[in-house]
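Numbering (the working numbering), first residue to last: 1 to 508.
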């Protein structure tokens with residue numbers, strides 16, 4: 001029997017030493033491969049707290065940069081849309097200036113400028129409905145909802161049917177254009193006025209006199225639900241003392257009267273016809289009979305000088321009878337009735353909200369992103385272009401019969417581009433805002449974000465250098481240690497192998 005010199009305790013000691021060397025080698029290999037001193041914070045107990053703090057600051061700076069890059073993309077896209085709107089307004093302003101200095105009653109000129117005004121509205125609507133990654137740019141906090149619906153209908157003709165420029169006029173003031181609410185109540189209608197100033201007075205059962213202040217002159221309202229006068233109406237007056245609103249109407253009195261008609265259409269010479277006229281609804285028949293109105297081209301505008309005084313007003317000719325003995329004209333009639341239950345709605349072009357979105361660009365600074373499609377700059381442009389586009393050529397509400405609209409629209413467009421604007425606002429005081437100001441704010445915010453990204457990037461580099469000093473290895477030192485441990489392990493295996501071969505017989 002051969003007895004080894006080594007005993008159990010000695011064997012265990014050698015094995016534990018080998019295991020330790022193997023563990024050290026494993027750690028050294030991982031450290032060399034990852035270039036990190038340790039894979040756990042417990043491996044650097046003296047510096048772990050500081051390392052965690054530094055890593056938190058690095059991650060925070062990276063989050064700021066990521067969020068800033070997202071917002072910068074939105075701001076960049078916003079500026080691209082603003083440039084498009086600015087170019088559209090500028091081009092339209094130049095075209096209107098040329099129109100205003102030329103033949104403003106020419107059918108060709110009117111049709112062209114209205115066509116381009118309508119197209120400009122479509123373009124602006126498209127720009128204001130721009131989105132990035134499914135988030136609309138100009139809708140406030142309602143980023144999932146398209147902010148603008150200008151109710152442009154299918155084409156210019158349909159738009160002009162809704163906004164005829166006479167009994168149904170596009171809102172001329174900001175207050176009227178952005179008004180938005182709805183009520184269900186009982187309505188009482190009382191007709192009054194004369195000629196071009198006819199109205200239907202509406203009283204709302206549930207309203208106190210002061211409540212009518214929520215309405216604005218020039219706003220478009222829609223009555224429905226069986227009020228007796230369902231349809232679209234333009235508010236012509238608001239009274240908060242007695243308590244009512246008035247809407248414009250134009251209702252011819254059925255009678256026989258000796259009248260004089262001045263018929264106008266574009267640049268044509270006015271046609272004057274004096275005769276005894278019979279009024280029946282929307283039909284006017286001349287006593288002169290066949291041929292009286294044969295020279296009237298449709299559509300046209302009639303300025304009626306009524307012998308009785310009942311029908312002194314301006315109306316649009318929509319048709320001439322085959323024999324030229326009668327005309328068909330447009331009316332906007334209202335029935336004195338009520339109280340009748342129904343609904344009243346005032347709708348705005350804007351579907352977003354006015355909530356200010358705050359974006360934090362770094363630890364201590366934030367910016368307020370408050371540019372929406374409701375901004376007065378956009379509102380002024382929308383009103384200007386709509387006022388030009390409304391009203392069919394030749395009709396009482398047409399541009400050829402209301403040439404002063406060109407100068408009024410030019411002022412609004414100029415104000416939309418760059419405020420303040422010389423001259424007197426055509427429809428009363430306007431809010432201080434312009435595309436130039438909106439673009440300046442957007443550029444300023446982008447500059448702040450760019451500066452923040454650069455600063456955070458510098459901070460990240462500095463912080464990473466400091467974390468590296470704590471957690472990174474010295475590659476030369478680590479490689480040397482790895483080789484030393486490897487050699488020690490090999491030597492230990494050789495010692496273990498030799499001691500296991502030694503027995504007592506080899507010493508006898």
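Where is the CB? At the ideal position from N, CA and C, for every residue including glycine. Note that the structure is a prediction, hence the values are computed from the model and not measured.
Simplified DSSP assignment, three categories, for residue 420: DSSP places residue 420 in the coil class of the three-state scheme, outside both helix and strand.
Got a sec? Which residues, its chain only, sit under 8 Å from residue 280 by beta carbon, not counting five neighbours each side? For residue 280, the CB contacts under 8 Å within the same chain, skipping 5 residues up- and downstream, are 254 in chain order.
Every unbroken beta strand (DSSP E) within the stretch 132-201, with a cutoff of 3 residues, ordered by chain: With a minimum length of 3 residues, the continuous beta strand (DSSP E) runs that stay inside the stretch 132-201 are 181-192.
Count the other CB atoms within 10 Å of the CB of residue 80; is the residue buried (16 or more) or exposed (fewer)? So residue 80 ends up on the exposed side.
Name, in chain order, the residues that DSSP records as bridge partners for residue 220. 234.
Whole-angstrom distance between residue 62 and residue 483, CA atom to CA atom: Near 38 Å, if we compare the C-alpha coordinates of residue 62 and residue 483.
Which residues in the same chain as residue 1 place their Cβ atom closer than 6 Å to its Cβ, once the five residues preceding and following it in sequence are excluded? Because residue 1 sits at a pLDDT of 43, beneath the cut-off of 50, its placement in the model cannot be relied upon, and the point is left open.
Can you tell which of 450, 78 and 374 has its C-alpha closest to the C-alpha of residue 431? Checking every option, the nearest Cα to that of residue 431 belongs to 374.
Are the beta-carbon atoms belonging to residue 397 and residue 165 less than 7 Å from one another? Cβ distance < 7 Å, so residue 397 and residue 165 count as in contact.
If we ignore side chains and look at the alpha-carbon of each, how far apart do residue 334 and residue 225 end up? Within the model, the alpha-carbon separation for residue 334 versus residue 225 is close to 15 Å.
Go ahead and pull the three-state DSSP assignment for residue 30. Residue state for residue 30 is assigned as helix, using DSSP reduced to three classes.
Around the C-beta of residue 429, are 16 or more other C-beta atoms found within 10 angstroms, so that it is buried, or is it exposed? Flag for residue 429 reads exposed.
Can you give me the start and stop residues for the beta strand (DSSP E) that residue 256 sits inside? Per DSSP, the unbroken beta strand (DSSP E) holding residue 256 starts and ends at 256-264.
For the candidate residues 73, 109, 407 and 105, whose alpha-carbon lies nearest to that of residue 131? Closest option to residue 131, Cα to Cα, is 73.
Would you say residue 348 and residue 169 are within 7 Å of each other, going by their C-beta atoms? Not in contact: residue 348 and residue 169 (Cβ atoms no closer than 7 Å).
Buried or exposed, going by whether 16 or more other CB atoms sit within 10 Å of the CB of residue 270? With fewer than 16 other Cβ atoms within 10 Å, it is exposed.
Give the DSSP bridge partners of residue 428, in chain order. Note: residue 428 sits in a beta bridge opposite 426.
Which value, in whole angstroms, describes the spacing of the CA atoms of residue 5 and residue 15? Because the pLDDT at residue 5 is just 48, under 50, the model does not fix this residue reliably, and the value given afterwards should be weighed accordingly. Answer to the nearest angstrom: the Cα atoms are 16 Å apart.
Determine whether the beta carbon atoms of residue 370 and residue 358 lie at a separation below 7 Å. No; because the gap between Cβ atoms is not below 7 Å, this pair is not in contact.
Residue ranges of each beta strand (DSSP E) run of no fewer than 3 residues wholly in the stretch 363-408, ordered along the chain? Fully enclosed beta strand (DSSP E) runs of 3 or longer: 366-369.
Hey, out of 140, 416 and 203, whose CA is closest to residue 509's CA? What the structure shows of the chain is the stretch from 1 to 508, and residue 509 is not part of that stretch, so it cannot be assessed.
Reference residue 438; option with closest CA among 51, 104, 76 and 19: Checked all of 51, 104, 76 and 19; the closest Cα to residue 438 is 76.
Starting from residue 44 and walking both ways along the alpha helix (DSSP H), at which residues does that stretch end? It is not in any alpha helix (DSSP H) - residue 44 carries neither H nor E in the DSSP assignment.
Buried or exposed for residue 493, going by 16 or more other Cβ atoms inside 10 Å? Its Cβ having fewer than 16 others within 10 Å, residue 493 is exposed.
Are the beta-carbon atoms of residue 277 and residue 196 separated by less than 7 Å? Against a cut-off of 7 Å, the Cβ pair of residue 196 and residue 277 comes out as no contact.
Within 7 Å, strictly: CB atoms of residue 328 and residue 282: In this structure, residue 328 sits near residue 282, with a CB-CB distance shorter than 7 Å.
Among the candidates 188, 87 and 260, whose CA atom is the shortest distance from the CA of residue 244? For the residues 188, 87 and 260, the minimum Cα distance to residue 244 belongs to 188.
Taking the beta strand (DSSP E) that residue 360 falls in, what are its first and last residues? Bounds of the beta strand (DSSP E) holding residue 360 are 357-360.
Helix, strand or coil: how does DSSP classify residue 455 here? Judged by DSSP in its simplified three-state form, residue 455 adopts helix.
For residue 356, count the other beta carbons within 10 Å of its own beta carbon; 16 or more makes it buried, fewer makes it exposed. Which is it? Counting every other CB atom within 10 Å of its CB across the protein chains shown gives residue 356 a total below 16, marking it as exposed.
Helix, strand or coil for residue 241 per DSSP? Here residue 241 sits in coil by DSSP.
Compare the C-alpha of residue 377 against each of 20, 52, 134 and 173 and name the closest. For the residues 20, 52, 134 and 173, the minimum Cα distance to residue 377 belongs to 173.
I need the straight-line Cα distance from residue 129 to residue 344, nearest angstrom please. Distance from the CA atom of residue 129 to the CA atom of residue 344, rounded to whole angstroms, is 28 Å.
Does the count of Cβ pairs from the stretch 208-216 and the stretch 154-165 closer than 8 Å reach three? Taking 8 Å as the limit for Cβ pairs, the verdict is that the stretch 154-165 does not touch the stretch 208-216.
Please return the same chain residues whose Cβ sits closer than 7 Å to the Cβ of residue 127, not counting the five positions on each side in sequence. Cβ-Cβ distances below 7 Å link residue 127 to 81, 84 and 85 in the same chain, with the five nearest sequence neighbours on each side left out; the list follows chain order.
Proximity below 7 Å, CB of residue 294 to CB of residue 324: For residue 294 and residue 324, yes; Cβs fall inside 7 Å.
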